[in-house]
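Trainee: With the UniProt record's numbering as the guide, the letters of the sequence shown map in order to residues 1 to 285.
Ideal placement from N, C-alpha and C gives every residue a C-beta, glycine not left out.
Here the structure is a predicted model, which means the values were calculated and not measured.
Okay, handing you the structure first.
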Amino acid sequence: MERWVEETLHSGFRVRLKADKVLFDSETEHQQLIIFENEDFGRVMMLDGIVQLSTRDEFVYHEMMAHVPLFAHGKAKKVLIIGGGDGGVLREVLRHPEVKSATLCEIDRSVIDLCLEHFPDVSGGAYDDKRTKVVIADGTKFVHETDQRFDVILVDSTDPVGPGAVLFTKEFYTDCRRALASGGILVTQNGLPFLQAPELKQSVTYFRDLFDDAFAYVATTPSYFGGSMSYGWATDDKKLRTQKLAKIARRYKKAGAFPTRYWSPEMQAAAFALPTYIRELVEAS
Numbered sequence: 001m002e003r004w005v006e007e008t009l010h011s012g013f014r015v016r017l018k019a020d021k022v023l024f025d026s027e028t029e030h031q032q033l034i035i036f037e038n039e040d041f042g043r044v045m046m047l048d049g050i051v052q053l054s055t056r057d058e059f060v061y062h063e064m065m066a067h068v069p070l071f072a073h074g075k076a077k078k079v080l081i082i083g084g085g086d087g088g089v090l091r092e093v094l095r096h097p098e099v100k101s102a103t104l105c106e107i108d109r110s111v112i113d114l115c116l117e118h119f120p121d122v123s124g125g126a127y128d129d130k131r132t133k134v135v136i137a138d139g140t141k142f143v144h145e146t147d148q149r150f151d152v153i154l155v156d157s158t159d160p161v162g163p164g165a166v167l168f169t170k171e172f173y174t175d176c177r178r179a180l181a182s183g184g185i186l187v188t189q190n191g192l193p194f195l196q197a198p199e200l201k202q203s204v205t206y207f208r209d210l211f212d213d214a215f216a217y218v219a220t221t222p223s224y225f226g227g228s229m230s231y232g233w234a235t236d237d238k239k240l241r242t243q244k245l246a247k248i249a250r251r252y253k254k255a256g257a258f259p260t261r262y263w264s265p266e267m268q269a270a271a272f273a274l275p276t277y278i279r280e281l282v283e284a285s
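What follows is the structure, given as structure tokens:
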């Protein structure tokens, strides 16, 4: 008997994926989690009815979340990842030789364990890297209490439902700002502007109250159904998102010009050239 798994994120829009083989289907301490095989997307993980990861296209999201801010910053040594238990963003962060420590704060240890079991290539050994520090905790509590200062903070969160909702509040962003070192960059997962416009608009509004530069950039991940994915951008250095292509290319070469499948110096520059409907949304925030 065929089994189809439905994504339930959008109230007026539904997508179903065929589960050719279910590998895990159970309630963790914090959320409902299912992992299954699909002919088109590979191995897929969904949390609370929302696609989080597929092996066929995970590189898009993970490369763009990590490399855009790290190459814009140019000298980030300490990075904090909130969420991201699959280890994909961590994997990409650690490809930057100047990074001396990468702290990953994940609320649900079982997500890490299940991803290590079912998606080992996504983290690609990143959890064994001596620069990696894993903290099992609520991300909002961690940034509120930490006395560390990070050059880049990456919020690799679920959508603003369930345990991920608190990661879209002004209080959380305020604590992130406090935890950033001077000249630091905050990047957040901010959903699909075509279907989740209020989410991006609200976050950028909060950023504008807290930072000198508040904006967004985009990339298209096929398994995030409904258009381009937006990444919120916040920093006090307005020059970081408008750097010349040649400078980004030089930094990439210095980092070893490691192979990528989506990100490139050209894509970095293009990502901030927003489609008009998204730019108007961000600028009206």
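For His10, which residues does DSSP report across the bridge?
Mentor: Answer by DSSP bridge pairing, in chain order: Phe13.
Trainee: Whose C-alpha, out of Arg241, Trp233, Leu186, Arg131, is nearest the C-alpha of Val152?
Mentor: For the residues Arg241, Trp233, Leu186, Arg131, the minimum Cα distance to Val152 belongs to Leu186.
Trainee: If we ignore side chains and look at the alpha-carbon of each, how far apart do Tyr127 and Met46 end up?
Mentor: Going by the C-alpha atoms only, they are around 22 Å apart.
Trainee: Tell me whether Phe172 is buried or exposed, calling it buried when 16 or more other Cβ atoms sit within 10 Å of its Cβ.
Mentor: Answer is buried; the Cβ neighbour count reaches 16.
Trainee: Closest by CA to Asn38, which one among Glu92, Ala66, Leu17?
Mentor: Comparing Cα-Cα distances from Asn38 to each of Glu92, Ala66, Leu17, the minimum goes to Leu17.
Trainee: Helix, strand or coil for Asp121? Go by DSSP, reduced to three states.
Mentor: Three-state DSSP puts Asp121 in a helix.
Trainee: Assign Ser182 to buried or exposed, taking buried as 16 or more other Cβ atoms, counted over all protein chains shown, within 10 Å of its Cβ.
Mentor: Under this definition Ser182 is an exposed residue.
Trainee: What is the DSSP secondary structure of Thr146, counted as helix, strand or coil?
Mentor: Coil at Thr146, not helix or strand.
Trainee: Is the number of C-beta pairs between the stretch 207 to 225 and the stretch 54 to 74 that are closer than 8 Å three or more?
Mentor: Yes: at least three Cβ pairs fall under 8 Å.
Trainee: Please check the pair Phe258 and Trp233, which I expect to be a contact at CB under 8 Å, by giving their CB distance rounded to whole angstroms.
Mentor: Not quite, the Cβ-Cβ distance comes to about 23 Å (not below 8 Å), so this is no contact.
Trainee: Could you give the distance in angstroms between the alpha-carbon of Val15 and the alpha-carbon of Pro198?
Mentor: Approximately 21 Å, taken between the alpha carbons.
Trainee: If you run the structure through DSSP and keep just helix, strand and coil, what is Ser203?
Mentor: Helix.
Trainee: Using a threshold of 8 Å, state whether the C-beta atoms of Ala179 and Arg131 are closer than that.
Mentor: No, they are not a contact pair.
Trainee: Is it true that the stretch 85 to 100 meets the stretch 18 to 36, where meeting means three or more beta-carbon pairs spaced less than 8 Å apart?
Mentor: The stretch 85 to 100, when compared against the stretch 18 to 36, does not touch it at the 8 Å Cβ threshold.
Trainee: On the premise that Gln189 lies in contact with Tyr231, defined as a C-beta separation below 8 Å, what is that separation, rounded to the nearest angstrom?
Mentor: Yes, Tyr231 and Gln189 are in contact; Cβ-Cβ is about 7 Å, under 8 Å.
Trainee: Considering only C-alpha positions, which residue in the set Val68, Lys133, His144 is nearest to Leu240?
Mentor: Closest by alpha carbon: Val68.
Trainee: Which whole-angstrom value describes the C-beta separation of Lys238 and Asp213, a residue pair presumed to lie in contact below a C-beta threshold of 8 Å?
Mentor: Right, the Cβ-Cβ distance comes to about 4 Å (below 8 Å), so this counts as a contact.
Trainee: Taking 7 Å as the cut-off, is the beta-carbon of Ala273 closer than that to any non-hydrogen atom of the ligand FAD?
Mentor: As presented, the structure is devoid of all ligands, the ligand FAD included, so that no description of it is given.
Trainee: Using the three-state DSSP reduction, which class does Asp126 fall into: helix, strand or coil?
Mentor: The residue asked about is misnamed: residue 126 is Ala in this sequence, not Asp. Looking at Ala126 - three-state DSSP - the assignment turns out to be helix.
Trainee: Could you tell me the boundaries of the alpha helix (DSSP H) in which Lys133 lies?
Mentor: From DSSP, Lys133 is part of no alpha helix (DSSP H) but of the beta strand (DSSP E) over 132 to 136.
Trainee: Does Ser230 come out as helix, strand or coil in the three-state DSSP assignment?
Mentor: Of the three classes helix, strand and coil, the one that applies to Ser230 here is strand, per DSSP.
Trainee: Hey, quick one: how far does the alpha helix (DSSP H) through Met1 stretch, first residue to last?
Mentor: Unbroken run through Met1: none, as it is neither H nor E.
Trainee: Please confirm whether Phe211 and Asp236 have their CB atoms less than 8 Å apart.
Mentor: Going by C-beta atoms, Phe211 is nearer than 8 Å to Asp236.
Trainee: Quick one: complete alpha helix (DSSP H) runs, 4+ long, within the stretch 82 to 122?
Mentor: 88 to 93, 109 to 118, all fully within the stretch 82 to 122.
Trainee: Give the range of the beta strand (DSSP E) segment to which Arg43 is assigned.
Mentor: Arg43 -> beta strand (DSSP E) spans 42 to 47.
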